[in-house]
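Protein chains in written order, with the numbering used here: chain D, 198 to 511; chain R, 27 to 346.
Note that CB positions come from ideal geometry on N, CA and C, so glycine has one too.
Source: prediction; values computed, not measured.
Quick notes on the structure that follows.
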């Protein structure tokens, strides 16, 4: 068990180092002068030289890499060019928005997908199964941004129940929550369509196993068998997909925040790319990568919590 | 008292159980023997209310006079564990792998009897002692994969006993176990049946185990009960050609003498295999494999005759 934890932690750190090298390389080694990229083709030589000095581009590559990593470890990602404030400040202002969106989206996804998936499995081959799986097939086919627009048209424009976009700030908690409802739903619906199907097929697999029959022979109700015996045993493939989906949700906020005008990291990365704000883009890409790698690390640990047999083998 | 009268289980492909009748009184120990596909497990499923949805059930099944033939799943949920309980062939896969065995055994008590956590725990410990699990206090915290096959089967027996059932059905309880462990489990089931005055239906194709465990026997073939009687009498003097074939195929060192060269003759077998449901004969289902078969056997269903209720035209004519 200890060996497993150490091995996974070492793997986690190694992945982060590899990611940081790739992110740095893509931004700095690829052909093209970052200063030229930022200032554009019409920039004067003086301005370019000044910016190169400013960005530290004149220093050797390795020194720049280690400088960037050392800064990142202490939360210093340098100065944003377009916003003229430290990148860390930009991120910390917006992190709460993106994390709330992703976490709320994930929770809603789990709520919908597990209920629908278990329901469909319990109605295997019957009308309820067919209908829910047909709807989930539609859900997979629909792109999130298009669904967002439909949701806005229905609930904000026609029914006027919810704001169409924008964010009033956390100082008004009720209004803030209201403005996050539609984006959360838009994020969750597509993901839950995928996860519901995974839940259904994994649950069906477990329902064929002998211990489900034992539970039934013990006079337990179908509901109890499904939620207390089948679902826990179906979790390993579900958790695998959830880990990948959390990553998809975090990156999915890029689209959703732009559709709904929400001040989060997704919108920031979009603006920074448009503004050719290299330090900000580099920091954000790294941050998204860290979130994805961390999600996978947590999934690995969850496997062992779910299944005691893995603990013995790990 | 459990009573099945003329119970038939019909699938689209054919009848998995054909007019089976069986009475089970408290303390009875009844063996059900037959090959795979003979309908043994379907008979057990009837007694548990666990016949597959795709099947049509006819005839009558009653518990203490209450008709259960068309009973709803919810009605059966109240019967299972408290009145009828069952253990299965595969102790390796019959336990939820993610649960501590103590929690698995405690669950029906908590659900059906409304016991508190600590009361249930105490009963689990007592049950583990009753079924011969050493050091029950530490065993109940273990997961199935930490126990041996024999220990797991004991856990499953404890689970079946959790709510004091009147009838325990053991479906091939020893098939997956080592010979000496199988013997101990068989003796345990007999002991439990006697000490609790609990009826035992012991399903097996192992004639030695059935002889050891039961007082009465029903021999099944192709969904029919072909012969029944006291276990000792049926095994000593079988009347149905199928039972005779089954007994002749039993490897018994004493019964097979060596010839002049010191080698033993080959063990006789019943020719052919049990046909699939859709290919079963309309008449006697053993026709096609039977040594005393006559013309009418394949088309006319033989009615039970004599004290053994043998379903055989030859027995009826006094030929077998």
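- When DSSP assignments are scanned along the region 30-68 of chain R, the uninterrupted stretches of beta strand (DSSP E) that are 3 or more residues long and fall wholly within it turn out to be 40-50 and 55-59.
- Going by DSSP, residue 243/D is part of the alpha helix (DSSP H) stretching over 242-252.
- Judged by their CB atoms, residue 298/R and residue 314/R are nearer to each other than the 8 Å cut-off.
- Contact between residue 260/R and residue 252/R does not hold, since the beta-carbon distance rounds to 11 Å and is not under 8 Å.
- Counting along the chain, residue 228/R sits inside the beta strand (DSSP E) bounded by residues 225-230.
- With its beta carbon at least 8 Å from every one in chain R, residue 460/D lies outside the interface.
- In the structure shown, residue 252/R falls within a strand segment according to DSSP collapsed to helix, strand and coil.
- At a cut-off of 8 Å between C-beta atoms, residue 418/D counts as an interface residue with respect to chain R.
- When DSSP states are grouped into helix, strand and coil, residue 297/D belongs to the helix group.
- DSSP places residue 458/D outside both helix and strand once states are collapsed to three, so it counts as coil.
- The straight-line gap separating the alpha-carbon atoms of residue 295/D and residue 259/D is approximately 32 Å.
- Residue contact with chain R for residue 415/D: present (Cβ-Cβ distance below 8 Å to some residue of chain R).
- Taking CB atoms only, residue 504/D has a neighbour in chain R less than 8 Å away.
- Counting C-beta pairs closer than 8 Å gives three or more between the region 187-194 of chain R and the region 214-234 of chain R, which meets the contact rule.
- In this structure, residue 83/R and residue 35/R form a Cβ contact; the two beta carbons are roughly 6 Å apart against a cut-off of 8 Å.
- For chain R, none of the residues of the region 227-246 of chain D brings a beta carbon within less than 7 Å of one of its beta carbons.
- Annotated three-state conformation of residue 196/R is strand, per DSSP.
- Here residue 339/R is buried: its Cβ has 16 or more other Cβ atoms, across all protein chains shown, within 10 Å.
- Around the C-beta of residue 343/D, fewer than 16 other C-beta atoms lie within 10 Å, and the residue is accordingly described as exposed.
- In this structure, the beta-carbon distance from residue 39/R to residue 304/R falls below 8 Å.
- Taking a C-beta distance under 8 Å as the contact criterion, residue 59/R and residue 236/R qualify as a contact pair.
- Relative to the Cα of residue 302/D, the nearest Cα in the group 313/D, 409/D and 442/D belongs to 442/D.
- Beta-bridge annotation (DSSP): residue 336/R is paired with 331/R.
- Between residue 212/R and the set 88/R, 243/R, 176/R and 185/R, the nearest pair of CA atoms involves 176/R.
- Chain R has a Cβ within less than 8 Å of the Cβ of residue 411/D.
- Contact between residue 419/D and residue 312/D is ruled out by a C-beta separation of about 15 Å, above the 8 Å threshold.
- Chain D has no Cβ within less than 8 Å of the Cβ of residue 38/R.
- Judged by DSSP secondary structure, residue 374/D falls within the alpha helix (DSSP H) whose first and last residues are 370-404.
- The residue from 121/R, 322/R, 27/R and 319/R with its alpha-carbon nearest to that of residue 93/R is 27/R.
- Within chain R, 114, 116, 119 and 120 have C-beta atoms less than 7 Å from the C-beta of residue 407/D, given in sequence order.
- Ranked by how close their Cα comes to the Cα of residue 337/D, the residues 263/D, 310/D and 203/D have 310/D in first place.
- Contact between residue 118/R and residue 74/R is ruled out by a C-beta separation of about 21 Å, above the 8 Å threshold.
- In the structure shown, the three-state DSSP call for residue 242/R is strand.
- Annotation: Cβ neighbours of residue 124/R in chain D (cutoff 8 Å, chain order): 429, 430, 503, 504 and 505.
- The Cβ neighbour count for residue 371/D, taken over all protein chains shown within 10 Å, is under 16; the residue is labelled exposed.
- Looking at 465/D, 476/D and 429/D, the one whose alpha-carbon comes closest to that of residue 502/D is 429/D.
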